[in-house]
Amino acid sequence: MRLSFRQALLFLVLAAVAVVYPFAVPSYYFTALLTQVLIFSIFTMSLNLLAGYTGLPSLGHSALFGGGAYAAALLAKYFSHSVWLGYGAGILAAGVLAALFALIALRTTQVYFLFITIALGQLIWAIVFGWRSFTGGDDGLPGIGNPFIWSTWKLSGGLTYYFFALGLFIIVAYITYRITTSPFGHVLVGIRENESRIRHLGYNVWLYKFTVFVLSGLLAGLGGVTWAYYNGFVSPRDTSFELSAEALLIVILGGRGTLFGPIVGTIIVVLIKNIVAAFTQRWLFVLGVAYILTIMYARTGIVGTLQARLKRRTTA
Amino acid sequence: MSMWIIHALNGISFGMLLFLLASGLTLILGLMSITNLSHGGYYLLGAYIGVTVMMRTGNFFLAMLVSGISIAIIGVLMERFFLRGLHLQPLPQVLLTIGFTFVFADIALMMWGGEARVIEKPAFLANPVFIGKIGFPSYRLFVILVGAAVGLLLWWLQERTRVGAMVRAAVNDEEIARGLGINVPLLFTLVFGLGAFLAGLCGVLGGPFIGVYPGADFEILLLTLIVIIVGGVGSLKGALMGSLLIGLIDNFGKVLFPELARFTIYAPMVIILALKPSGLFGSRN
């Protein structure tokens, strides 16, 4: 699948909106909201590689996101405030964790895969939560500070960080696009659709799954570090089961195995959460209902449904 | 020495509570292939209903019964109207039932507030039982007895009754079972209701020593899932062994390595799964 003219146009329009929007609507609140959307999109795009394209729905992905965040935070606390080292450590830690997760989780399939990824994610959460003297326990780790890209260029304030996140977001979107349109990506989709057939064609299915698990972990770690620097603080919530479940819901709601799906899903969920929180205390109820409605009525995902409808119209 | 016996007893009684939860969940999963992550929500909602019944009547056993039946009704409704359409789709089942857990948690928060509650144990179980010089907490012994009795009953139901035979037939080959005139959907609803009933009952049973508080739903759910993973899906024997193992590890872990208490539960599970992916007693299919 090459990027069609229509898709390229859509992408350019979105990029233009993303750049102009914060200037057109100069609100600190909306800039913060958009920054969150960008960072979480990086995270959900990484999960989409695994759950959407390859058909490996991990329920422990927040451990990789949060693992990256904690690696950067711990580095900042005990060693150095260098943002480059922070990113290096965070991405590396997430990649190593992902490799370990894959070694264990890929021995299982189906329901067992769901359960074992929950358990692996909880293992990381348990370490972060329980090892108070090192990770700060349930208080989290504060004081990470704004990152310095250069000795004089500090990423402080809403707008600067927004553009920094936007840059990373575009890079990750591009990486995802290149991966999924490559021969490697086609094999991943083949594994999702008919694993035994791909195996009989002579592909090393395990190696493909392992590779995409690690790639997905590296990108999740990138998102996690960006999240840690954005908040200036990490907490066990960043590795929680709830966050993993939410990411997976976003991927399904937006449309698994589509380029724009996780982005659309993230925008919807982040907006709903913030709007609901402004009006009512019952956000947990609303979130639960959102899960139920998504599964009952939008299981194929928004982007997937739209694409199918578009295709039907052009062929009719 | 007697300290260790008491710790072991506490571990076993907690394990028995986990067994009651896991047996329902593992049957639903093994027989019907429904991955129901609302089980923790059932537990918590059952516990809160128990709190209210206890406040009104003070009768512990009535509280257990009312909670069990209320949760069974909720479970049957969920199965009929939501889960039936998601047959053999584990991922949608998982996310749907997580959604329900959030809804239950918020309803509980709305109706019973955020502070922790305790369910009083029945008066005749308040004093320890002395065997020799060691005083055993009698409520813990009671939980072990209830667990053992329910376990036996389930085994008898599954292996020795007509309904159990019908369930086993439906699991082995649903189409043939239907052809023989077995009402499979009704059977599955009954099994689901039974699992939910046990979860609701457990909420009350666990109330006196675990407490009733927001967040208990996911904690209990994760422990139950670990039990099933360790024991193997669909196996009552596996659920029993897994429950006792996790109950004991949890208790001794909290005593010996307080800072790594949670870690001590997950680590053995990862090891067991790495060696035997289908769990100790699971059949690989």
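Protein sequence lines, in the order shown, are assigned to chains A and B. The end of the first sequence is residue 1025 by my numbering, with every number in the run present. The end of the second sequence is residue 512 by my numbering, with every number in the run present. Beta carbons: idealized from backbone N, C-alpha and C, even for Gly.
- Task: Under 8 Å between beta-carbons, which chain A residues line up against B:D333? List them in chain order, please.
- Result: Along the second sequence, one-based indexing puts residue 333 of chain B at 106. Those within 8 Å of B:D333 in chain A are R991, L993, F994, G997.
- Quick one: what does DSSP say A:P766 is sitting in, helix, strand or coil? Counting from one through the first sequence, the residue named residue 766 of chain A turns up at place 57. Coil.
- Message: Starting from B:F357, trace the beta strand (DSSP E) in both directions and tell me its first and last residue.
- Response: In the second sequence, counting from the first residue as 1, residue 357 of chain B sits at position 130. For B:F357, the enclosing beta strand (DSSP E) has its first and last residue at 356-358.
- Message: Contact criterion: CB-CB distance below 9 Å. Does B:V356 meet it with respect to chain A?
- Response: The residue labelled residue 356 of chain B in the question sits at position 129 within the second sequence. With 9 Å as the cut-off, B:V356 does not count as an interface residue toward chain A.
- Query: Which residues of chain A have a Cβ atom closer than 7 Å to the Cβ of B:I325, listed in chain order?
  - Reply: Position 98 of the second sequence, counted from the first residue, corresponds to residue 325 of chain B. Neighbours of B:I325 on chain A, chain order: A954, Y1000.
- Quick one: is A:V820 near chain B, going by C-beta distance under 9 Å? As a position in the first sequence, residue 820 of chain A is number 111, starting the count at 1. Answer yes: the Cβ-Cβ gap between A:V820 and chain B drops below 9 Å somewhere.
- Query: At a Cβ threshold of 9 Å, is A:S755 touching chain B?
  - Reply: Indexing the first sequence from 1 puts residue 755 of chain A at position 46. False, the Cβ-Cβ gap to chain B never drops below 9 Å.
- Query: Does the beta carbon of A:T920 come closer than 9 Å to any beta carbon on chain B?
  - Reply: Counting from 1 along the first sequence, the entry for residue 920 of chain A is found at position 211. Chain B contact via Cβ: absent.
- Whether A:W840 touches B:L487 by CB criterion (9 Å): Residue mapping note: residue 840 of chain A aligns to position 131 of the first sequence, counting from 1. Residue mapping note: residue 487 of chain B aligns to position 260 of the second sequence, counting from 1. When the beta-carbon positions are compared, A:W840 and B:L487 come within less than 9 Å of each other.
- Query: Name the chain B residues whose beta carbon is nearer than 7 Å to that of A:G804?
  - Reply: As a working mapping, residue 804 of chain A is identified with position 95 in the first sequence. Close to A:G804, with beta-carbon spacing below 7 Å, lies no residue of chain B; the smallest spacing is near 19 Å.
- Message: Going by DSSP, what residue range makes up the alpha helix (DSSP H) through A:F919?
- Response: Reading the first sequence from its first residue, position 210 is the one you call residue 919 of chain A. Per DSSP, A:F919 is one residue of the alpha helix (DSSP H) stretching across 914-940.
- DSSP on B:N512, reduced to helix/strand/coil? To locate residue 512 of chain B, count along the second sequence from 1; it is residue 285. Residue placement at B:N512 is poorly supported in this model, since its pLDDT is 42, which falls under 50; the coordinates still yield a value, given next. Correct three-state label for B:N512: coil.
- Query: In chain B, which residues lie less than 8 Å from A:F838 when you measure between Cβ atoms?
  - Reply: Translated into the one-based positions of the first sequence, residue 838 of chain A becomes position 129. Per Cβ cutoff of 8 Å: R489.
- Coil, strand or helix - A:M710 by DSSP: Here residue 710 of chain A corresponds to residue number 1 of the first sequence, with the count starting at 1. With a pLDDT of 48 at A:M710, under the threshold of 50, the predicted position of this residue should be treated as unreliable, and no value is reported.
- Query: With a CB to CB cut of under 8 Å and the five nearest residues on each side skipped, what residues in its chain are close to A:W992?
  - Reply: For the purposes of this step, residue 992 of chain A is taken as the residue at position 283 of the first sequence. Non-local C-beta neighbours of A:W992 in its own chain, meaning closer than 8 Å and more than five positions away in sequence, comprise K982, V985, A986, ordered along the chain.
- Message: Which residue wins for smallest C-alpha separation from A:L768, given the options A:G846, A:G1010, A:L952, A:G876?
- Response: Position 59 of the first sequence holds residue 768 of chain A. Ranking A:G846, A:G1010, A:L952, A:G876 by Cα distance to A:L768 puts A:L952 first.
- Task: Take every Cβ of the segment 234-242 of chain B, pair it with every Cβ of the segment 394-401 of chain B, and state whether three or more of those distances are shorter than 8 Å.
- Result: With a cut-off of 8 Å on Cβ pairs, the segment 234-242 of chain B is not in contact with the segment 394-401 of chain B, counting fewer than three such pairs.
- Query: From which residue to which residue does the alpha helix (DSSP H) around A:F838 run?
  - Reply: Your numbering for residue 838 of chain A matches position 129 in the first sequence. Start and end: 819-839.
- Quick one: which unbroken alpha helix (DSSP H) runs of 4-plus residues sit fully inside the segment 724-801 of chain A? Chain order, please. Every alpha helix (DSSP H) of 4 residues or more that sits fully in the segment 724-801 of chain A is shown, in chain order, as 737-756, 771-787.
- Message: Let me make sure I understand the geometry here. Which of B:G374, B:E446, B:E402 has the alpha-carbon closest to that of B:M471?
- Response: In the second sequence, residue 471 of chain B corresponds to position 244, counting from 1. One detail in the question is off: residue 471 of chain B reads as Leu in this sequence, not Met. Measuring from the Cα of B:L471, the nearest candidate turns out to be B:G374.
- Message: Using CA atoms only, rank isn't needed, just tell me which of B:E446, B:P435, B:M259 is closest to B:Q320.
- Response: In the second sequence, residue 320 of chain B corresponds to position 93, counting from 1. The closest CA to that of B:Q320, considering only B:E446, B:P435, B:M259, is found on B:M259.
- Alpha carbon to alpha carbon, how far is A:T1003 from A:L962? Within the first sequence, numbered from 1, the residue matching residue 1003 of chain A stands at position 294. Within the first sequence, numbered from 1, the residue matching residue 962 of chain A stands at position 253. Straight-line Cα distance between these residues: approximately 6 Å.
- Query: Along chain A, which residues have their Cβ under 8 Å away from the Cβ of B:F329?
  - Reply: One-based indexing of the second sequence puts residue 329 of chain B at position 102. Within chain A, the residues placing a beta-carbon under 8 Å from that of B:F329 are L993, F994, L996, G997, Y1000, ordered along the chain.
- Query: Does any C-beta atom of chain A lie closer than 9 Å to the C-beta of B:L449?
  - Reply: As a position in the second sequence, residue 449 of chain B is number 222, starting the count at 1. For B:L449, the answer is yes, since a Cβ of chain A falls inside 9 Å of its Cβ.
- Item | 4 or more residues per run - each alpha helix (DSSP H) lying fully within the segment 420-486 of chain B | If one requires a minimum length of 4 residues, the alpha helix (DSSP H) runs lying completely within the segment 420-486 of chain B are 443-458, 463-483, in chain order.
- Message: Could you tell me the alpha carbon to alpha carbon distance between B:R511 and B:M230, rounded to whole angstroms?
- Response: Here residue 511 of chain B refers to the residue found at position 284 of the second sequence. Here residue 230 of chain B refers to the residue found at position 3 of the second sequence. Because B:R511 carries a pLDDT of 48, less than 50, the predicted location of this residue cannot be relied on, and the following value inherits that uncertainty. B:R511 and B:M230 have their C-alpha atoms some 40 Å from each other.
- Task: In the DSSP assignment, find the alpha helix (DSSP H) that holds A:G846 and state where it starts and stops.
- Result: Position 137 of the first sequence, counting from 1, holds the residue named residue 846 of chain A. Run containing A:G846: none; DSSP gives neither H nor E here.
- Item | Segment contact flag, the segment 429-436 of chain B with the segment 261-279 of chain B, C-beta cutoff 8 Å, min 3 pairs | Yes, they touch.
- Item | 9 Å Cβ cut-off: residues of chain A touching B:M496 | Taking the first residue of the second sequence as position 1, residue 496 of chain B is located at position 269. Scanning chain A for C-beta atoms nearer than 9 Å to the C-beta of B:M496 yields I825, A828, L832, reported in chain order.
- Can you tell me the Cα-Cα spacing of B:M281 and B:K348, whole angstroms? Here residue 281 of chain B corresponds to residue number 54 of the second sequence, with the count starting at 1. Here residue 348 of chain B corresponds to residue number 121 of the second sequence, with the count starting at 1. Using only the alpha carbons, I get a separation of about 10 Å.
- Task: Pull up the distance between the alpha-carbon of A:A717 and that of A:Y883, whole angstroms please.
- Result: Here residue 717 of chain A is taken as the residue at index 8 of the first sequence, counted from 1. Here residue 883 of chain A is taken as the residue at index 174 of the first sequence, counted from 1. Answer to the nearest angstrom: the Cα atoms are 12 Å apart.
- Query: Hey, A:T975 and A:V746 are a contact pair by Cβ (cut 8 Å); roughly how many whole angstroms apart?
  - Reply: Within the first sequence, residue 975 of chain A is the residue found at index 266, counting from 1. Within the first sequence, residue 746 of chain A is the residue found at index 37, counting from 1. Right, their Cβ atoms sit about 6 Å apart.
- Bridge partners of B:I361, per DSSP? Taking the first residue of the second sequence as 1, we reach residue 361 of chain B at position 134. Its beta-bridge partners are B:I358.
- Which residues in chain A sit within 8 Å of B:L304, going by Cβ to Cβ distance? Reading the second sequence from its first residue, position 77 is the one you call residue 304 of chain B. Close to B:L304, with beta-carbon spacing below 8 Å, lies no residue of chain A; the smallest spacing is near 13 Å.
- Span of the alpha helix (DSSP H), counted from its first residue to its last, around B:H314: Taking the second sequence and counting its residues from 1, the one referred to as residue 314 of chain B is at position 87. In this chain, B:H314 is not harboured by any alpha helix (DSSP H), its DSSP state being neither H nor E.
- A:Y917 to A:L809, Cα distance in whole Å? One-based indexing of the first sequence puts residue 917 of chain A at position 208. One-based indexing of the first sequence puts residue 809 of chain A at position 100. Taking the straight line joining both Cα atoms gives about 15 Å.
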